[in-house]
Amino acid sequence: MNLKTVSGISIVVLLLGVASSSPHTASALGTNDSIILKKDLRLIMDDYKAAIDKAKAQLLSSIKKANADAKLAVQKGIPMDEINAVTKATIAKARADLKLDIQKAKAEAKATLLQLKAAVDRNNLS
9 MNLKTVSGIS IVVLLLGVAS SSPHTASALG TNDSIILKKD LRLIMDDYKA
59 AIDKAKAQLL SSIKKANADA KLAVQKGIPM DEINAVTKAT IAKARADLKL
109 DIQKAKAEAK ATLLQLKAAV DRNNLS
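Count along the sequence shown from 1, then add 8; that gives the number in the working numbering.
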């Protein structure tokens, strides 16, 4: 499964989680509140997408740098086994960083959604 699919599914799951936890919220909101809520949700989704895009760009940059470093190492006459080991380690670290960045983006989006939900719930109690 590619990262765009995983990112999309994550966003949908996060939004459904917030929406399903309080079904009365949407009906209790006024017209202005509903518009504000939609804008807030759009901002959360945009921030999440930007974080994922940044993480992907960093992965691609790391891979390009690893390949460039490997080419330079070949020109210097460093043994291929050593070059391959270093390149694989660099790419593995970049992939691990990507996974951590995605987890961090999910956690931040979820925290923001929970804050938004709490604000909506407080507004409904007032």
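Beta carbons: idealized from backbone N, C-alpha and C, even for Gly.
(message) Which same chain residues end up closer than 6 Å to S70 when comparing Cβ atoms and leaving out the 5 residues on each side of it in sequence?
(response) The residue labelled residue 70 in the question sits at position 62 within the sequence shown. Here the set comprises A102.
(request) Would you check if the segment 57-71 and the segment 105-113 touch, i.e. whether three or more CB-CB distances between them fall below 8 Å? (result) yes
(request) Identify, in the order they occur along the chain, each residue of the same chain with its Cβ nearer than 6 Å to the Cβ of N131, setting aside the five sequence neighbours on each side. (result) What you label residue 131 is simply residue 123 of the sequence shown in a count that begins at 1. So the list is empty, once near-sequence residues are dropped.
(message) Quick check on DSSP: helix, strand or coil for I71?
(response) Start at 1 with the first residue of the sequence shown, and residue 71 comes out as number 63. I71: helix per DSSP, three-state reduction.
(message) Could you check whether D48 and L124 sit closer than 9 Å to each other, using their CB atoms as the reference points?
(response) As a first step, residue 124 must be located in the sequence shown, where it is residue number 116. As a first step, residue 48 must be located in the sequence shown, where it is residue number 40. Contact: yes.
(message) Could you compute how far the alpha carbon of Q66 sits from the alpha carbon of I91?
(response) For the purposes of this step, residue 66 is taken as the residue at position 58 of the sequence shown. For the purposes of this step, residue 91 is taken as the residue at position 83 of the sequence shown. Q66 and I91: Cα-Cα distance of roughly 21 Å.
(request) Taking only the alpha-carbon atoms, compute the straight-line gap between Q83 and I52 and give it to the nearest angstrom. (result) On the sequence shown, residue 83 is found 75 positions in, with the first residue counted as 1. On the sequence shown, residue 52 is found 44 positions in, with the first residue counted as 1. Roughly 47 Å separates the two Cα atoms.
(message) For T95, tell me which candidate among K73, L106, E116 has the shortest Cα-Cα distance.
(response) In the sequence shown, residue 95 corresponds to position 87, counting from 1. Comparing Cα-Cα distances from T95 to each of K73, L106, E116, the minimum goes to K73.
(request) Pull up the distance between the alpha-carbon of L68 and that of D105, whole angstroms please. (result) Here residue 68 is taken as the residue at index 60 of the sequence shown, counted from 1. Here residue 105 is taken as the residue at index 97 of the sequence shown, counted from 1. Going by the C-alpha atoms only, they are around 12 Å apart.
(request) Within 10 angstroms of the Cβ of A63, are there 16 or more other Cβ atoms? Answer buried if so, exposed if not. (result) Numbered from 1 along the sequence shown, position 55 holds the residue referred to as residue 63. A63 is buried by the Cβ-count criterion.
(request) Note down, in chain order, each residue of its chain lying with its Cβ closer than 7 Å to the Cβ of A78, except the 5 sequence neighbours on either side. (result) The sequence position of residue 78 within the sequence shown is 70, counting from 1. The answer, listed in chain order, is I91, T95.
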